[in-house]
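S.K.: In terms of UniProt numbering, the sequence shown opens at residue 1 and continues consecutively. Dropping a structure here in structure tokens format, bear with me for questions.
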Amino acid sequence: MTRFWVCIAGAGFFLALLVLHSRFCASRLPPHLHLAFKISWRAEEILYRLDVDWPKYSEYFTGATFCVAVDSLNGLVYVGQRGDNIPKVLVFTEDGYFLRSWNYTVDTPHGIFAASTPQEKSVWITDVGSGFYGHTIKKYNSFGDLVQVLGTPGKKGTGLNPLQFDNPAELHVDDTGDIYIVDGDGGLNNRLIKLSQDFMILWLRGENGTGPAKFNIPHSVTVDSTGRVWVADRGNKRLQVFDKDTGDWLGEWKNCFSEEGPSAVRFTPDGKYVVVAQLNLSRLLILAAPPVGNIGDCFVVSTIQLADQVSPHLLEVSRETGAVYVAEIGAKQVQKYIPVNRYFSLFSS
């Protein structure tokens, strides 16, 4: 009988220690990283923390922030925002200092991408506006001077010669100058287009549908270091993967997106993780990147839960620092998350 009560007391003491441990650790986490207490023998990594000092002054955000791009070579961050009588593009340093803004030939920015080499700095914007500049993809220099226009300004369409877009969502320009475009943020088209650096169509995939290589609102695109093109097929609640050279369909990830599809997709510089935004859930998912030649299944390594109605739309990852910049249309701001080299768990693994 004595041994029985000793066991009960020991179990109670152990549970009390668990509760105290959870309260002690959770109180030291930033608000956006508070985790629900649960007994687990597996470590859950905390990979990022919010940089509360970025930007230095938030009053420069005067509209709905839809997109963000990082020129890692020159340490610049470009933000695209919407609204009347406001600058459409803001330029910051990666440290958070405001540099300049511009509002030339931009109607309604949706996606933005910085493609810089030692010889050239360029900024690409997908414009979904219905005005004179809409339904186009435009290339600018870093000061906002228009260099190139793809598409038929002010006219939506499905044509390929001449090339036409309808609500082009985002693009990726790789180091060779080739361009990958997802065209179809709720418009006529649901397609992925690869252009050469002289704007010739190399291959095209997609139409409206749910099967392989078909799309329902292709919303974001990126290319990994192993030559695979990743598309956030938002309406179909999946990521689709294609071969960079041939356009062949390689597979899909659906098991991580039962609640909501991805609105943005990017890789960390080391290639270990895929960073995904979920707009209506106000959530970022950090996924384990697949090995070469095997797409496999989606696996969530870590989650960053944002406040309700923050609505992360598109994001970018700095090649230099690994920092994640998130354009939040609900909160009307861009936030920066910094990689950390530690993890939180109830028990050490």
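Cβ atoms here follow ideal geometry from the backbone N, Cα and C, with glycine treated the same way.
Asp51 and Ile338 look like a contact to me (Cβ under 8 Å); what is the Cβ gap, rounded to whole Å?
M.R.: Position 51 of the sequence shown, counted from the first residue, corresponds to residue 51. Position 338 of the sequence shown, counted from the first residue, corresponds to residue 338. Yes, Asp51 and Ile338 are in contact; Cβ-Cβ is about 5 Å, under 8 Å.
S.K.: Starting from the C-beta of Phe61, find all residues in its chain whose C-beta is less than 6 Å away, skip the five residues before and the five after it, and write them out in chain order.
M.R.: As a position in the sequence shown, residue 61 is number 61, starting the count at 1. Excluding residues within five positions, the ones whose Cβ falls inside 6 Å are Lys332 and Gln333.
S.K.: Can you tell which of Gly322, Glu328 and Val326 has its C-alpha closest to the C-alpha of Asn341?
M.R.: Counted from its first residue, the sequence shown places residue 341 at position 341. The option with the nearest alpha carbon to Asn341 is Gly322.
S.K.: Would you call Ile179 buried or exposed, if buried means 16 or more other Cβ atoms sit within 10 Å of its Cβ?
M.R.: As a working note, residue 179 is residue 179 in the sequence shown. Buried, because 16 or more other Cβ atoms sit within 10 Å of the Cβ of Ile179.
S.K.: Would you identify the three-state DSSP class for Tyr57, choosing helix, strand or coil?
M.R.: Here the question's residue 57 lines up with position 57 in the sequence shown. Coil at Tyr57, not helix or strand.
S.K.: Closer than 6 Å by C-beta to Leu188: which residues in its own chain qualify, once you throw out the five before and the five after it? Chain order, please.
M.R.: Sequence index remark: in the sequence shown, residue 188 carries index 188 (1-based). Excluding residues within five positions, the ones whose Cβ falls inside 6 Å are Thr158 and Asp166.
S.K.: At which residue ranges does the region 265-305 contain complete beta strand (DSSP E) runs of 3 or more residues, listed in the order of the chain?
M.R.: The qualifying runs are 273-278, 283-288 and 300-305.
S.K.: In whole angstroms, what is the alpha-carbon distance linking Gly261 and Asp84?
M.R.: Looking up residue 261 in the sequence shown gives position 261. Looking up residue 84 in the sequence shown gives position 84. Using only the alpha carbons, I get a separation of about 30 Å.
S.K.: Nearest-angstrom Cα distance between Leu15 and Ile295?
M.R.: Counting from 1 along the sequence shown, the entry for residue 15 is found at position 15. Counting from 1 along the sequence shown, the entry for residue 295 is found at position 295. Residue placement at Leu15 is flagged as unreliable, the pLDDT there being 40, under the threshold of 50; the coordinate-derived value follows with that caveat. Taking the straight line from one Cα to the other gives about 41 Å.
S.K.: Would you report the Cα separation of Thr136 and Leu160, rounded to the nearest angstrom?
M.R.: Stepping through the sequence shown from its first residue, residue 136 is reached at position 136. Stepping through the sequence shown from its first residue, residue 160 is reached at position 160. Each residue's Cα considered, the two are about 13 Å apart.
S.K.: Can you tell me whether Thr319 is helix, strand or coil according to DSSP?
M.R.: The count along the sequence shown starts at 1 and reaches residue 319 at position 319. Per the sequence presented here, residue 319 reads as Arg, with Thr not at that position. Looking at Arg319 - three-state DSSP - the assignment turns out to be coil, as it is neither helix nor strand.
S.K.: With a cut-off of 8 Å on the beta carbons, I'd call Ile125 and Val68 a contact; round off their distance for me.
M.R.: Taking the first residue of the sequence shown as position 1, residue 125 is located at position 125. Taking the first residue of the sequence shown as position 1, residue 68 is located at position 68. Not confirmed; about 12 Å, so no contact.
S.K.: How many angstroms separate the CA atom of Ile217 from the CA atom of Lys121?
M.R.: Here the question's residue 217 lines up with position 217 in the sequence shown. Here the question's residue 121 lines up with position 121 in the sequence shown. For Ile217 and Lys121, the distance between alpha carbons rounds to 30 Å.
S.K.: To the nearest angstrom, how far is it from the Cα of Ala36 to the Cα of Trp54?
M.R.: Numbered from 1 along the sequence shown, position 36 holds the residue referred to as residue 36. Numbered from 1 along the sequence shown, position 54 holds the residue referred to as residue 54. Summary for Ala36: the model assigns pLDDT 35, below 50, so the residue's position carries little reliability, and this model does not support an answer.
S.K.: Nearest to Val300 by CA position, among Pro312, Asp308 and Leu287, is which residue?
M.R.: As a first step, residue 300 is located in the sequence shown; it is residue number 300 there, counting from the start. For Val300, the nearest C-alpha among the options comes from Leu287.
S.K.: So for Gly235, helix, strand or coil by DSSP?
M.R.: Taking the sequence shown and counting its residues from 1, the one referred to as residue 235 is at position 235. Looking at Gly235 - three-state DSSP - the assignment turns out to be helix.
S.K.: What do you reckon, are the CB atoms on Phe215 and Asn255 nearer than 8 Å?
M.R.: Taking the first residue of the sequence shown as 1, we reach residue 215 at position 215. Taking the first residue of the sequence shown as 1, we reach residue 255 at position 255. No, the Cβ-Cβ distance between Phe215 and Asn255 is not below 8 Å.
S.K.: Just the Cα atoms here: how many angstroms apart are residue 357 and Ala115?
M.R.: The question about residue 357 has no answer, for the chain in this structure spans 1 to 349.
S.K.: If you follow the beta strand (DSSP E) that Tyr325 is part of, which residue opens it and which one closes it?
M.R.: The count along the sequence shown starts at 1 and reaches residue 325 at position 325. Taken as a continuous stretch (DSSP letters only), the beta strand (DSSP E) holding Tyr325 covers Val324 to Glu328.
S.K.: Could you tell me the alpha carbon to alpha carbon distance between Leu195 and Cys298, rounded to whole angstroms?
M.R.: Stepping through the sequence shown from its first residue, residue 195 is reached at position 195. Stepping through the sequence shown from its first residue, residue 298 is reached at position 298. One C-alpha to the other measures close to 29 Å.
S.K.: Please report the Cβ distance between Arg266 and Glu316, rounded to the nearest whole angstrom; I am assuming they are in contact, meaning their Cβ atoms lie under 8 Å.
M.R.: Position 266 of the sequence shown holds residue 266. Position 316 of the sequence shown holds residue 316. Rounded, the Cβ-Cβ distance is 6 Å, consistent with contact.
S.K.: Look at the Cβ atom of Val123, then the Cβ atom of Tyr140, and state whether they are nearer than 8 Å.
M.R.: Walking along the sequence shown from the start, residue 123 turns up at place 123. Walking along the sequence shown from the start, residue 140 turns up at place 140. In contact: Val123 and Tyr140 (Cβ atoms closer than 8 Å).
S.K.: Once the 5 residues before and after residue 357 are set aside, which same chain residues still bring their CB inside 6 Å of it?
M.R.: Beyond the ends of the chain as shown, which are 1 and 349, falls residue 357; an answer cannot be given.
S.K.: Taking all protein chains shown into account, do 16 or more other C-beta atoms lie within 10 angstroms of the C-beta of Phe92, making it buried, or fewer, making it exposed?
M.R.: Along the sequence shown, read from residue 1 onward, the residue named residue 92 stands at position 92. Under this definition Phe92 is a buried residue.
S.K.: If you draw a straight line from the alpha carbon of Ser282 to that of Ala169, how long is it in whole angstroms?
M.R.: The sequence position of residue 282 within the sequence shown is 282, counting from 1. The sequence position of residue 169 within the sequence shown is 169, counting from 1. Approximately 19 Å between the Cα atoms of the pair.
S.K.: Flag Gly96 as yes when its Cβ comes closer than 7 Å to any non-hydrogen atom of the ligand HEM, and as no otherwise.
M.R.: Among the components of this structure there are no ligands whatsoever, and the ligand HEM is therefore not found.
S.K.: What does the Cβ neighbour count give for Asp245, buried or exposed, with the cut at 16 atoms within 10 Å?
M.R.: Counting from one through the sequence shown, the residue named residue 245 turns up at place 245. Exposed, by the Cβ-count rule.
S.K.: Indicate the three-state DSSP secondary structure (helix, strand or coil) for Lys139 in the structure shown.
M.R.: Position 139 of the sequence shown, counted from the start, is the residue given in the question as residue 139. Strand.
S.K.: Taking a contact to mean a Cβ-Cβ separation below 8 Å, would you say residue 387 touches Ala327 in this structure?
M.R.: In the structure displayed, the chain extends from 1 to 349; residue 387 sits before or after that span and is not available.
S.K.: Leaving out five residues on either side along the sequence, give the residues of the same chain with a beta carbon under 7 Å from the beta carbon of Arg82.
M.R.: Along the sequence shown, read from residue 1 onward, the residue named residue 82 stands at position 82. Counting only Cβ-Cβ distances below 7 Å, and skipping sequence neighbours, we find Gly63, Ala64, Phe66, Thr108 and Pro109.
S.K.: Whole angstroms are fine: how far does the CA of Thr210 sit from the CA of Val147?
M.R.: As a first step, residue 147 must be located in the sequence shown, where it is residue number 147. As a first step, residue 210 must be located in the sequence shown, where it is residue number 210. The straight-line gap from Cα to Cα measures roughly 37 Å.
S.K.: Alpha carbon to alpha carbon, how far is Glu94 from Val77?
M.R.: For the purposes of this step, residue 94 is taken as residue 94 along the sequence shown, with counting starting at 1. For the purposes of this step, residue 77 is taken as residue 77 along the sequence shown, with counting starting at 1. Distance between the alpha carbons of Glu94 and Val77: 6 Å.
S.K.: To the nearest angstrom, how far is the alpha carbon of Gly251 from that of Gln164?
M.R.: Locating residue 251 in the sequence shown gives position 251, where the first residue counts as 1. Locating residue 164 in the sequence shown gives position 164, where the first residue counts as 1. Roughly 28 Å separates the two Cα atoms.
S.K.: Just how far apart, CA to CA, sit Lys237 and Ser258?
M.R.: Within the sequence shown, the letter at position 237 stands for residue 237. Within the sequence shown, the letter at position 258 stands for residue 258. Between Lys237 and Ser258, the C-alpha separation is close to 7 Å.
S.K.: Span of the beta strand (DSSP E) holding Val223?
M.R.: In the sequence shown, residue 223 corresponds to position 223, counting from 1. Residues Pro218 to Val223.
S.K.: Could you pull out every unbroken beta strand (DSSP E) segment of at least 3 residues lying fully inside the region 89-133, listed in chain order?
M.R.: The qualifying runs are 89-93, 98-102, 109-116 and 121-127.
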